[in-house]
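Engineer: If you're matching them up, the sequences are chains A and G in order.
Counted the way my numbering counts, the first sequence spans residues 5 to 222.
Counted the way my numbering counts, the second sequence spans residues 5 to 222.
Glycine is no exception: its CB is placed at the ideal position from the N, C-alpha and C atoms.
Computed from a predicted model, the values in this text were never measured in an experiment.
Quick one: this structure, given as structure tokens, is what I'll be asking you about.
Number of protein chains: 2
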Amino acid sequence: MNLAEYFPMWDQLTGDECAALERATTSRRAPRGTMLRSGAADCVGLILVRSGQLRAYMLSGEGREVTLYRLFERDICLFSASCMMASIQFEITVEAEKDSELYVIPADTYKKAMERSAALANYTNEVMAQRFSEVMWLIEQIMWKSMDRRLADFLLSESALEGGDSLRLTHERIANHMGTAREVVTRMLRYFQSEGVVELTRGEIRLTDRKKLGMIAG
Amino acid sequence: MNLAEYFPMWDQLTGDECAALERATTSRRAPRGTMLRSGAADCVGLILVRSGQLRAYMLSGEGREVTLYRLFERDICLFSASCMMASIQFEITVEAEKDSELYVIPADTYKKAMERSAALANYTNEVMAQRFSEVMWLIEQIMWKSMDRRLADFLLSESALEGGDSLRLTHERIANHMGTAREVVTRMLRYFQSEGVVELTRGEIRLTDRKKLGMIAG
Numbered sequence: 005m006n007l008a009e010y011f012p013m014w015d016q017l018t019g020d021e022c023a024a025l026e027r028a029t030t031s032r033r034a035p036r037g038t039m040l041r042s043g044a045a046d047c048v049g050l051i052l053v054r055s056g057q058l059r060a061y062m063l064s065g066e067g068r069e070v071t072l073y074r075l076f077e078r079d080i081c082l083f084s085a086s087c088m089m090a091s092i093q094f095e096i097t098v099e100a101e102k103d104s105e106l107y108v109i110p111a112d113t114y115k116k117a118m119e120r121s122a123a124l125a126n127y128t129n130e131v132m133a134q135r136f137s138e139v140m141w142l143i144e145q146i147m148w149k150s151m152d153r154r155l156a157d158f159l160l161s162e163s164a165l166e167g168g169d170s171l172r173l174t175h176e177r178i179a180n181h182m183g184t185a186r187e188v189v190t191r192m193l194r195y196f197q198s199e200g201v202v203e204l205t206r207g208e209i210r211l212t213d214r215k216k217l218g219m220i221a222g
Numbered sequence: 005m006n007l008a009e010y011f012p013m014w015d016q017l018t019g020d021e022c023a024a025l026e027r028a029t030t031s032r033r034a035p036r037g038t039m040l041r042s043g044a045a046d047c048v049g050l051i052l053v054r055s056g057q058l059r060a061y062m063l064s065g066e067g068r069e070v071t072l073y074r075l076f077e078r079d080i081c082l083f084s085a086s087c088m089m090a091s092i093q094f095e096i097t098v099e100a101e102k103d104s105e106l107y108v109i110p111a112d113t114y115k116k117a118m119e120r121s122a123a124l125a126n127y128t129n130e131v132m133a134q135r136f137s138e139v140m141w142l143i144e145q146i147m148w149k150s151m152d153r154r155l156a157d158f159l160l161s162e163s164a165l166e167g168g169d170s171l172r173l174t175h176e177r178i179a180n181h182m183g184t185a186r187e188v189v190t191r192m193l194r195y196f197q198s199e200g201v202v203e204l205t206r207g208e209i210r211l212t213d214r215k216k217l218g219m220i221a222g
């Protein structure tokens with residue numbers, strides 16, 4: 005276990021502080037689809053992503069979703085330990101989007117360490133500011149970017165994540181990412197197909213003209 | 005100057021730390037309409053609201069606005085000191101919405117204090133988490149609440165803020181708050197008027213049926 009990989013200020017902690025954090029940390033495997041956190045009551049602790057991919061999203065009362073951000077290797081999931089901060093008054097759901105290997109630091113252990121170490125508290129501030137920035141980017145997208153630009157952008161970034169032109173994604177799943185209805189996604193994808201930028205086959209979306217897609221994304 | 009009123013953990017700072025913060029803090033008056041921060045380059049420092057009201061909003065490339073949150077007496081404006089955190093990668097504009105009296109703590113002084121004091125760093129975390137919660141609430145509103153419910157909600161909370169049934173607000177200004185077009189607001193207000201919940205006269209919106217407005221707001 006090498007927690008220093010996740011905390012660049014690790015050498016500013018005392019030996020005792022490092023040992024306490026390492027002693028409390030557990031390893032966990034989360035197969036694709038595992039719900040790691042659902043709702044505020046679920047305070048599993050700070051999650052460190054060793055490998056795989058997590059998705060943090062918001063869920064409406066009617067079961068609609070919108071992706072807030074994703075977490076990749078070496079990322080820290082702060083809001084899975086939201087009980088350590090009184091001011092976090094919102095619900096985030098976190099799921100493993102790919103098979104993932106994780107470290108989990110219990111919230112109370114982490115909170116105690118933050119109370120002792122200004123370096124750790126400030127680093128936690130930076131992690132929160134990163135997530136805040138991602139959520140602010142999302143607001144800009146929702147408020148001021150039309151659905152065609154958002155979808156083009158989404159397809160390009162998915163393709164970058166998956167490393168290929170072929171995406172195995174249902175329209176339902178895309179709608180959940182973008183916080184819209186499946187019908188809206190289907191309609192837009194058919195328009196993209198008619199423009200020659202994607203090819204739709206059962207369970208697959210193939211990007212056929214990245215350049216044009218990039219132009220739509222703006 | 006009594007900074008302890010703004011920082012509940014003030015007694016956990018050393019005498020030197022308190023003195024350094026107090027020495028660097030300046031007073032400032034901001035008449036209604038004053039732009040306190042526009043864009044990331046503008047790092048005025050941490051703003052403490054002694055009296056009045058500030059509005060933090062996001063501005064699109066095309067000049068459209070959406071209110072993110074408001075700050076009242078005793079509130080702390082963190083993002084006006086965004087240069088002290090590398091991970092803050094977004095633009096927030098802050099204006100005085102009412103005549104306001106402020107304290108300003110320079111960003112570098114505050115940053116140094118946070119680096120020394122875990123208590124101050126953790127409190128700053130809580131302040132950021134509060135703003136985060138407000139922004140998450142906004143996303144919920146935008147994503148899942150229809151415009152009539154949002155407008156009804158907005159009118160009721162404005163009326164609570166102003167302490168009366170008469171609101172002196174232009175349709176343009178409401179549109180900027182809600183991140184929509186003026187025409188959308190005008191159309192919706194006319195609908196509200198036809199339903200008997202508001203009365204529109206030049207430059208004024210009078211709430212005539214709060215109960216029904218509350219039902220629309222849900």
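With 8 Å as the threshold, decide whether the Cβ of V188/G is near any Cβ in chain A.
Structural biologist: False, the Cβ-Cβ gap to chain A never drops below 8 Å.
Engineer: Does R194/A come out as helix, strand or coil in the three-state DSSP assignment?
Structural biologist: Looking at R194/A - three-state DSSP - the assignment turns out to be helix.
Engineer: Can you give me the start and stop residues for the alpha helix (DSSP H) that K216/A sits inside?
Structural biologist: Note, K216/A: alpha helix (DSSP H), R214 to A221.
Engineer: Does any residue of chain G bring its CB to less than 8 Å from the CB of I178/A?
Structural biologist: I178/A does not count as touching chain G.
Engineer: Within the continuous beta strand (DSSP E) that includes R135/G, where are the two ends?
Structural biologist: No beta strand (DSSP E) contains R135/G, which is instead part of the alpha helix (DSSP H) from A122 to W148.
Engineer: According to DSSP, simplified to helix, strand and coil, what is R59/A?
Structural biologist: Strand, per DSSP.
Engineer: Check R32/A in the structure and name its three-state DSSP category.
Structural biologist: Here R32/A sits in strand by DSSP.
Engineer: Less than 6 Å between C-beta atoms, sequence neighbours within five positions excluded: which residues of the same chain meet that for A120/G?
Structural biologist: Position check: residue 120/G holds Arg in this sequence, whereas Ala was assumed. Here the set comprises nothing.
Engineer: For A221/G, would you say it is in contact with chain A, using Cβ-to-Cβ distances shorter than 8 Å as the test?
Structural biologist: Judged by the 8 Å Cβ criterion, A221/G is not in contact with chain A.
Engineer: I need the straight-line Cα distance from V189/G to G183/G, nearest angstrom please.
Structural biologist: Near 10 Å, if we compare the C-alpha coordinates of G183/G and V189/G.
Engineer: Helix or strand or just coil, what does DSSP make of K116/A?
Structural biologist: Three-state DSSP puts K116/A in a helix.
Engineer: Only counting the same chain, and skipping five residues up and downstream in sequence, which positions put a Cβ closer than 8 Å to that of Q197/G?
Structural biologist: So the qualifying residues of the chain are E203 and L204.
Engineer: Please report the Cβ distance between V108/A and T30/A, rounded to the nearest whole angstrom; I am assuming they are in contact, meaning their Cβ atoms lie under 8 Å.
Structural biologist: About 5 Å separates the two Cβ atoms, so the contact holds.
Engineer: Below 8 Å on the Cβ atoms is my contact criterion, and I expect G49/G with P110/G to pass it. Report the Cβ-Cβ distance as a whole number of Å.
Structural biologist: Confirmed, about 5 Å.
Engineer: Going by beta carbon distance, what residues of the same chain come within less than 8 Å of A221/A, once the five residues before and after it are set aside?
Structural biologist: If we look at A221/A and ignore the five residues flanking it on each side, its Cβ neighbours are R153, A156, D157 and L160.
Engineer: Using the rule of at least 16 other Cβ atoms within 10 Å of the residue's Cβ for burial, across every protein chain shown, is K226/G buried or exposed?
Structural biologist: Chain G is shown only over 5 to 222; residue 226/G falls outside these bounds and no answer can be derived.
Engineer: Would you report the Cα separation of R59/A and E138/A, rounded to the nearest angstrom?
Structural biologist: Computed Cα separation, rounded: 13 Å.
Engineer: With a 10 Å radius around its C-beta and 16 neighbouring C-beta atoms as the bar for buried, classify M5/G as buried or exposed.
Structural biologist: With fewer than 16 Cβ atoms within 10 Å of its Cβ, M5/G is classed as exposed.
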